[in-house]
Every structure is written in structure tokens, then in C-alpha cells.
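Asker: What follows is a structure written as C-alpha cells; I'll ask about it next.
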Amino acid sequence: MEQEIQRIRENFFQEIQQVQSAKDVEAVRVKYLGRKGPVQQLFKQLGTLNPEDRPRVGKLLNTLRQELETAVKEKQQQFKTREKRERIDLSLPGRKPPVGRKHPLTQTLDEIKAIFTAMGFTVADGPEVETDYYNFEALNIPKNHPSRNMQDTLYITEDILLRTHTSPVQIRTMQSQQPPVRIIAPGRVYRRDTPDASHSPFFHQVEGLCVDHGISFADLKAVISEFARKMFGTDIKVRFRPSFFPFTEPSLEYDFNCVFCRGKGCKVCKYTGWMEISGAGMVDPNVFKAVGYDPETITGYAFGMGVDRIAMLKFGIDDIRLFFENDMRFLTQF
Ligand code: DAH
């Protein structure tokens, strides 16, 4: 019986060395350790041995069974990890990490900045939470002036509010330096507006301000026209219409040729050939007085501009709300 045990051991290890798959391992396990296998058979025969031999042979049998079970387990484990590794298909193309890009508004703003800095403007900055003084008063918009009605916003206190335009940066800049001043001030502004395709309670503006000795309306016209050509193409014409803003005198509104029909007239421009862009004018003497400049010797022009509006024209976007929804299906198109 001891010889039989040794023979089973040798045969088993020879076979288990040669298995090719988890299935083979299972077959070897059943063959040797199964109910009808040789190990079980020997256990059954234990009873036929001399009582004094039984403990020794029983021990040998137990050891054999343990050895075989351990070997089977090891092999099973080997095939399991190999199968797992094989499930990784190395021939698949790699996953490309998504590459970030600039928001269409940022792209537009970058372009606006590049055009104006090339003309000698520097970029200025101001707070979005503003005081009544900077947002209105210093811009020649006194309390209770009817023009305040067009620019309602969120008030934090009676004197602190979310700025309704970037014009307060004019005041802050002029307070901090002497002429010449030539700045653009981009930034976010707020109005109490119900969102629709062309309104959002927050949007973006670029303010422009140029102040020096002998600055005239001709300079304003030239700069705005140059901007239109650089932004939308040399065939785009600019039109100036008289208007009113409390901080400029005289004031005007300016239009560009419709960028879709290039001035011929289409549905987008309601067959006028023109698109309203924003306001501008010569800085009002009262504004100069508020910042301590002498209106007798200093002149200047200022203009506003809606970044969202320009981005919509540039990319052919018909709903301002799309800019602020963070929908990747929209954003990845630009
Ligand atoms: N601040 C004006 C607005 O938000 C736009 C504007 C008009 C700015 C005329 C100016 C200007 O600098 O001169 O409607």
C-alpha cells in the first residue's frame, strides 16, 4: 500500500505538470481526488490492514491527499490570473484623454484683447461687486435719474451692488493715473433680466477708454471701424447713430454690417443689413470732474461692447443661454 501511495503521487504530479487549461486541472482533480479516484479507494482499504499498520498508513494517505489538493489549488489559481490577463485586449486602440479647450467667450475675448492691445490699449480690471458711486454717481448718473431704470440689478446693500456695466472701471482707472489713458476693461456684468435667447442676468462687456490732449471723435470712429474690420472682415462697414448716455456727450450707438448677409439684408438682421453693437461717445466733462481731470484741457472717448453678442455673431450662435449651461455637446463645437 505504501508503494501504491508513492505511485499515485508520481503519476499525479506528472499529469498536473502537463495541464493546459483550468478544465484540464479539473479533470485531473476528479481523476485522483474524486469519489471513485485512487485516493478514496485507498482510504476505503485502510480497514483491511493490520491494526498496527493502520495509523502510519492513514497518516501517509492524509499527507498524500493534502499534497494533491494543494497542487490542484495552485494550478487553478495560475489559470485564473492568466485568463484575467488575457481578457485585456492589447490590440484595442488606446483611449484618448479629452483635451481641454477655451470657452467660446474666452476665445472671443482673447481676440478682442489682441486687436485692441495691437492698437496700444492696455487691459484694466475692476470689481464685479461695485459701489453705487462707481457704477452710477461718478458716471454722471445721479440717484433717481431715469436712466437708472434701464440698469436694474441685485443690490447687496443700498450702496453696494453687482455692477451693471464695465463703465465703473473708467472711473477707477482715471482716479489711479494721469492722462494719457488708453485701456479696455473686459468683465462680467449683471442686470435684472429674465433669461431668453438674447438676455441673461449676467453677461460680458468690454469697456474702452482713451483720454489725452486733443482726442477727437475721429479717433473714436477710426478705432471702432478698425476693430470691426479686424474682427469680422474688411468689407464690414460701421454706422454711428446719435444716442444718449449720461457719461458721454455727445453720445452715439454704433452698428456693424450684418455679418451673415454682409449688409445685403437677411432674416437675422430683419432685412436692415445692420446689427446693433453698443454705445460710445466723448467723455462727459462731469465724469472728468469726478476724477479730478481738467475738462478744459483733456478730452477723450469711451465705448462699450457686448462680448456675448460678438461671440454669437462670430460663431453663428442664436441663444445666449448656451454659453452658460456647460453642455459639452455645445462647447466642444468651438
Ligand atoms: N455702459 C453702457 C451700457 O452698458 C455701454 C456704454 C455706452 C459704454 C457708451 C460706454 C459708452 O463707455 O461711452 O449700456
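Following this note's numbering, the numbering of the sequence shown begins with 389 at its first residue and continues without gaps. Yeah, the Cβ is synthetic: ideal placement off N, Cα and C, and Gly gets one too.
If you compare alpha carbons, which of Leu550, Glu499, Lys447 and Arg423 is closest to isoleucine 698?
Answerer: Glu499
Asker: Is any non-hydrogen atom of ligand 1 found closer than 6 Å to the C-beta of phenylalanine 722, if you look at the structure I gave you?
Answerer: no
Asker: Does glutamine 593 pass the burial test, meaning 16 or more other C-beta atoms within 10 Å, or should it be called exposed?
Answerer: buried
Asker: Using 10 angstroms around the beta-carbon of phenylalanine 509, count the other beta-carbons present and answer buried if the total reaches 16, otherwise exposed.
Answerer: buried
Asker: Can you list, in chain order, the residues of its chain with a C-beta nearer than 6 Å to that of phenylalanine 691? Leave out the 5 residues immediately preceding and following it.
Answerer: Gly596 and Ala668
Asker: Quick check: the region 451-470 against the region 407-426, are there 3 or more CB pairs under 8 Å?
Answerer: Short answer: they touch.
Asker: Taking a contact to mean a Cβ-Cβ separation below 7 Å, would you say arginine 576 touches glutamate 516 in this structure?
Answerer: When the beta-carbon positions are compared, arginine 576 and glutamate 516 come within less than 7 Å of each other.
Asker: Could you tell me the alpha carbon to alpha carbon distance between isoleucine 571 and glycine 482, rounded to whole angstroms?
Answerer: 48 Å
Asker: Could you pull out every residue in the same chain whose Cβ sits closer than 8 Å to the Cβ of glycine 425, ignoring the five residues on either side in sequence?
Answerer: Val418 and Lys419
Asker: Answer yes or no: the CB of histidine 553 versus the heavy atoms of ligand 1, is any distance below 6 Å?
Answerer: yes
Asker: Indicate, with yes or no, if ligand 1 has a heavy atom lying under 6 Å from the CB of glycine 694.
Answerer: no
Asker: Is alanine 668 near ligand 1, in the sense that its beta carbon is under 6 Å from a heavy atom of that ligand?
Answerer: yes
Asker: Return the residue from the list Lys658, Glu457, Ile624 and Val679 that minimises the CA-CA distance to glutamine 565.
Answerer: Val679
Asker: Once DSSP output is grouped into helix, strand and coil, what is the label at arginine 709?
Answerer: In this structure, arginine 709 counts as helix in the three-state DSSP scheme.
Asker: Taking the C-alpha atoms as reference points, what is the distance between alanine 427 and glutamate 392?
Answerer: Going by the sequence as given, residue 427 is valine instead of alanine. So the two alpha carbons sit approximately 10 Å from each other.
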